[in-house]
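*Asks:*
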Amino acid sequence: MIKGKDGTVIPKVVIERLPRYYRYFDWLDNQGEKISSKNLGDLMGSSASQVRLDLSYFGDFGQQGYGYNIKKLKSELAKILRINSRTNTIIIGVGNVGRALTRYKPFSSSGIYISALFDIKPSIIGEMVNNIMVHDIKNLAEYVTVNNIEIAIMAVPKEIANEIASSLVKCGIKGILNFAPLDLDLRNKIPVENIHIIDKILALSFMIKERPE
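Just so you know, we're using this note's numbering here: the sequence shown kicks off at 1091 and counts up by one.
This is the structure in C-alpha cells:
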C-alpha cells in the first residue's frame, strides 16, 4: 500500500491518473498561469471534486478562488513521478514488441532509460538494437545488481512469463511492465502493470457495436 501526505492509502486508480494530470499540465504550460479544478476536471473527464480529492493525496496544491498554478503543479508532479530523475530500465524479449519499445521516444523525456535488452536466442546475443545491446538472459541477475536496474519491461511468450517474472523478483527488480498475454502471479511481491492491448480493442469493438445510432 502506498500512502499519501496525510497517511491515507492512495487508491490505485488515483495513482494511474497521476501521469495524465502531468501530461495535461505539460500541455497547459505556457498557455496560462492557472487553471480551475472545474476546467481541469473537464480535461480529465471527471468532476472538480474528484480533481481536488486526487491531488490532495499528494499535497495542498490549490487555492480556493484561484485554482492551481500550472507551472508550480507541473513541477511538483514531475518530482512525484520522478520525471526529472533517471529510472534504469531493461527490456526482456527482443521480438517485435521489444524492438518497437526501443524506439519509443517518450521514455527518455520521462526519465526512463532503457539500458539493456535480454533474450534467450543465441543468434541475437550481442546484437545492437537502436544502440542498445542484447544480453544473454543468463547474465540478468548480475546486470540488474551492478547497474541498479529498477524496472523490467517484459515482452515474452506467455509460456515463460511467470518464470521470467519470478527471476526478476529474485534479481531485485522493483517493478514490472508486462506485455505478455497473461496476468503475472507474483503474490504482490512487487508492483506489476499488465498491458493487454487486445482487451482494449475488444472493449472498443463492443462499445462501437452497442452505441446507439
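Quick reminder that beta carbons are idealized off the backbone N, C-alpha and C, glycines included.
As a quick exercise: from Ser1256, Val1184 and Asn1238, pick the residue whose alpha carbon is nearest that of Ile1222.
*Replies:* Selected option, being the one with the closest Cα: Val1184.
*Asks:* Determine contact between the region 1195-1205 and the region 1132-1151, defined as no fewer than three beta-carbon pairs at a distance below 8 Å.
*Replies:* Counting Cβ pairs under 8 Å, fewer than three are found: no touch.
*Asks:* Report the option in Asn1120, Ile1180 and Tyr1114 whose CA atom is closest to the CA atom of Gly1262.
*Replies:* The shortest Cα separation from Gly1262 among Asn1120, Ile1180 and Tyr1114 belongs to Ile1180.
*Asks:* Taking one C-beta from the region 1153-1161 and one from the region 1120-1133 each time, how about it: are there three or more such pairs within less than 8 Å?
*Replies:* Taking 8 Å as the limit for Cβ pairs, the verdict is that the region 1120-1133 does touch the region 1153-1161.
*Asks:* Sort out for me which residues DSSP pairs Asn1159 with in a bridge.
*Replies:* Answer is Lys1124, bridged to Asn1159.
*Asks:* Where in the region 1186-1249 do unbroken runs of the alpha helix (DSSP H), each at least 4 residues long, occur, reported from the N-terminal end onward?
*Replies:* Here the runs fully enclosed are 1186-1191, 1196-1199 and 1230-1236.
*Asks:* Looking only at C-alpha atoms, which of Arg1110, Ala1231 and Ile1250 sits nearest to Lys1164?
*Replies:* Ranking Arg1110, Ala1231 and Ile1250 by Cα distance to Lys1164 puts Arg1110 first.
*Asks:* Bridge partners for Thr1177 per DSSP, in chain order?
*Replies:* According to DSSP, Thr1177 bridges with Ile1202.
*Asks:* Let's see if you can read the secondary structure: which residues bound the beta strand (DSSP E) around Val1039?
*Replies:* With the chain covering 1091 to 1303 only, the question about residue 1039 has no answer from this structure.
*Asks:* Can you check the region 1241-1303 for any beta strand (DSSP E) of at least 3 residues that lies completely inside it and give the ranges in chain order?
*Replies:* Counting only runs of 3 or more, we get 1241-1244, 1265-1268 and 1282-1284.
*Asks:* For the pair the region 1253-1273 and the region 1226-1237, tell me if three or more CB-CB distances fall below 8 Å.
*Replies:* These segments touch.
*Asks:* With burial defined as no fewer than 16 other Cβ atoms inside 10 Å of the residue's Cβ, what is the status of Val1234: buried or exposed?
*Replies:* Buried, by the Cβ-count rule.
*Asks:* In three-state terms, what does DSSP make of Gln1140?
*Replies:* Three-state DSSP puts Gln1140 in a helix.
*Asks:* Taking 7 Å as the cut-off, is the beta-carbon of Ile1250 closer than that to any non-hydrogen atom of the ligand ATP?
*Replies:* Of the ligands one can find in the structure shown there are none, so the ligand ATP has no counterpart to examine.
*Asks:* According to DSSP, Lys1169 sits in a beta bridge with which residue or residues?
*Replies:* For Lys1169, which the question treats as bridged, DSSP gives no partner whatsoever.
*Asks:* Would the region 1264-1271 count as touching the region 1280-1293 if we require 3 or more Cβ pairs under 8 Å?
*Replies:* With the cut-off at 8 Å, the region 1264-1271 and the region 1280-1293 touch.
*Asks:* Sorted by chain position, which residues of the same chain lie with C-beta nearer than 7 Å to Asn1238's C-beta, five sequence neighbours on each side aside?
*Replies:* Here the set comprises Asn1178.
*Asks:* Under the rule that 16 or more other beta-carbon atoms within 10 Å means buried, what is Val1103, buried or exposed?
*Replies:* The residue in question, Val1103, is exposed, as its Cβ has fewer than 16 Cβ neighbours within 10 Å.
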